[in-house]
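Protein chains in written order, with the working numbering: chain A, 8 to 216; chain B, 8 to 216.
Ideal Cβ placement from N, Cα and C applies to all residues, glycine included.
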DNA sequence: AAATACTCACCCTATTAGGGTGATTAATCC
DNA sequence: GGATTAATCACCCTAATAGGGTGAGTATTT
């Protein structure tokens, strides 16, 4: 028989915390080892809980969830962190993932879906709520109506990689003056006059990655 | 009563094509309007099919799936494109999403899950197979053991945004010489001696976004 | 006590960036 | 078939930039 999956919750709202803990604990093979109201509260003893999965809220008293992620990863490198929050701002989602979260669920998620997500994350998946997945996929999508030509886009991407004109010329097997010419056209089209402005504008409008 | 969801498949393998078409077509509210063996084959008449969702394979004779995406989006701006393929290479996944795919499923996906994904994508979701979601989430994660300090990371990110030393100094309210000092330390730690190399290495190792 | 992080200072020079103006060829679009 | 766009290259100019060297103070963390 397999070992139970050990789960720890960090969530300040008592009703949500106890409610989810109860429902998840009832599932076969899942055990909610402990629940904490904050990271600062959890930090003392969470290592003894030996969790496989940590359900983490973002809006917490004291250390917030985003900041807690790298600390938890350091203390428990093997544990998977699943964000469970009402917050859906792009910035928070991407920061949470950048910091090491393995999944991101919003709080309207039914317990059954959370249980499934815990299983999924243990199998190397990346569970996300439907709306989160949409935002994540959207973040990859480029603008289909770019004013820049293919060559110009390519050169602007190399500029964003920090390359100098001469490096770009060498890498693309074209003359330095040609590169200059392209850059001038890029600046003209984007109505800017510096690398920084061109990159900022191009990223804002998803013209480059 | 609601209108049926109109689906078009582009898939060169006859068995997969006909099999999925049959199973999806049996579902209530879903109709597989037409199936094509390639994009080049589909391009002539697909606009008359008025699909809501296009199930698109990547490995196709003639125009491959990745290249077909922007063309399809241009012809049918309202249609959602779902990639359905055996390919799981990072590059292909990210290129497909960059080109405008709304979801990415691997071919072991059961028909029921595909039907669910079609519904999901119609509701603004971003359906992905478990392993795809993992790769996508992983692509956001930063290296937790960066040799760079916070300030150094911040400055390197600004360099990657194309800013000059003096611009960075102004934006961070520190002296130009301090910026220089940080950059020197960054180069020392990363063992490089140019912006381009620093950015490349930092991105390769996920030290910056 | 030692190491790291963050700050600033002054030496130096080759390279770079950006502006201006113009030209050729090829492809694509009405 | 005339016009626009893309891609290539040329030569004018100057202020700013990048990168290397070397050193040093303060504060925080270990």
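Same chain, Cβ closer than 8 Å to residue i, neighbours up to 5 away in sequence not counted
i: residue 95 of chain B; result: 113, 138, 139 and 142
i: residue 13 of chain A; result: 38, 40, 56, 57, 58, 59 and 60
i: residue 78 of chain B; result: 46, 50 and 70
i: residue 206 of chain B; result: 163, 166, 167 and 215
i: residue 108 of chain B; result: 63, 76, 88, 89 and 90
Endpoints, the beta strand (DSSP E) within which residue i is located
i: residue 15 of chain A; result: 12-17
i: residue 69 of chain B; result: Residue 69 of chain B -> no beta strand (DSSP E), and no H or E assigned at all.
i: residue 160 of chain B; result: Counting along the chain, residue 160 of chain B falls outside any beta strand (DSSP E), though it belongs to the alpha helix (DSSP H) covering 157-167.
i: residue 133 of chain B; result: Segment: none, residue 133 of chain B is in no beta strand (DSSP E) and carries neither H nor E.
i: residue 110 of chain B; result: 110-113
Residue i versus residue j - alpha carbon distance
i: residue 133 of chain A; j: residue 158 of chain A; result: 35 Å
i: residue 51 of chain A; j: residue 200 of chain B; result: 43 Å
i: residue 153 of chain B; j: residue 209 of chain B; result: 9 Å
i: residue 185 of chain B; j: residue 168 of chain B; result: 19 Å
i: residue 191 of chain A; j: residue 198 of chain A; result: 10 Å
i: residue 35 of chain A; j: residue 85 of chain B; result: 43 Å
i: residue 20 of chain A; j: residue 101 of chain A; result: 24 Å
i: residue 127 of chain B; j: residue 196 of chain B; result: 46 Å
i: residue 178 of chain A; j: residue 53 of chain A; result: 52 Å
i: residue 97 of chain B; j: residue 115 of chain B; result: 18 Å
i: residue 131 of chain B; j: residue 87 of chain B; result: 10 Å
i: residue 183 of chain A; j: residue 136 of chain A; result: 48 Å
i: residue 22 of chain B; j: residue 16 of chain B; result: 13 Å
i: residue 217 of chain A; j: residue 80 of chain A; result: For residue 217 of chain A there is no data in the structure shown, the boundaries of chain A being 8 and 216.
i: residue 150 of chain A; j: residue 48 of chain A; result: 45 Å
i: residue 42 of chain B; j: residue 129 of chain B; result: 20 Å
i: residue 204 of chain A; j: residue 193 of chain B; result: 24 Å
i: residue 180 of chain A; j: residue 171 of chain B; result: 26 Å
i: residue 25 of chain A; j: residue 44 of chain A; result: 11 Å
i: residue 99 of chain B; j: residue 155 of chain B; result: 31 Å
i: residue 110 of chain A; j: residue 123 of chain B; result: 20 Å
Counted within 10 angstroms of its Cβ, other Cβ atoms place residue i as buried (16 or more) or exposed
i: residue 104 of chain A; result: buried
i: residue 187 of chain A; result: exposed
i: residue 82 of chain A; result: exposed
i: residue 18 of chain A; result: buried
i: residue 144 of chain A; result: buried
i: residue 121 of chain B; result: buried
i: residue 147 of chain A; result: buried
i: residue 10 of chain B; result: exposed
i: residue 202 of chain A; result: buried
Neighbourhood of residue i by C-beta distance below 7 Å, restricted to the same chain and skipping five residues each side
i: residue 32 of chain B; result: 38 and 39
i: residue 106 of chain B; result: 73, 76 and 77
i: residue 118 of chain A; result: 27, 30 and 31
i: residue 189 of chain B; result: 158, 159 and 162
Own chain, CB closer than 6 Å to residue i, minus 5 neighbours either side, in chain order
i: residue 92 of chain B; result: 64 and 65
i: residue 165 of chain B; result: 175
i: residue 125 of chain A; result: 60
i: residue 173 of chain A; result: 183
Endpoints, alpha helix (DSSP H) assigned at residue i
i: residue 62 of chain A; result: Run containing residue 62 of chain A: none in the alpha helix (DSSP H); it sits in the beta strand (DSSP E), 60-63.
i: residue 42 of chain B; result: Looking at the DSSP string, residue 42 of chain B is not in any alpha helix (DSSP H); the run it does join, the beta strand (DSSP E), is 37-43.
i: residue 88 of chain B; result: Residue 88 of chain B -> not in any alpha helix (DSSP H); beta strand (DSSP E) instead, spanning 87-92.
i: residue 26 of chain B; result: 21-33
- Segment contact flag, the region 207-215 of chain B with the region 143-163 of chain B, C-beta cutoff 8 Å, min 3 pairs: yes
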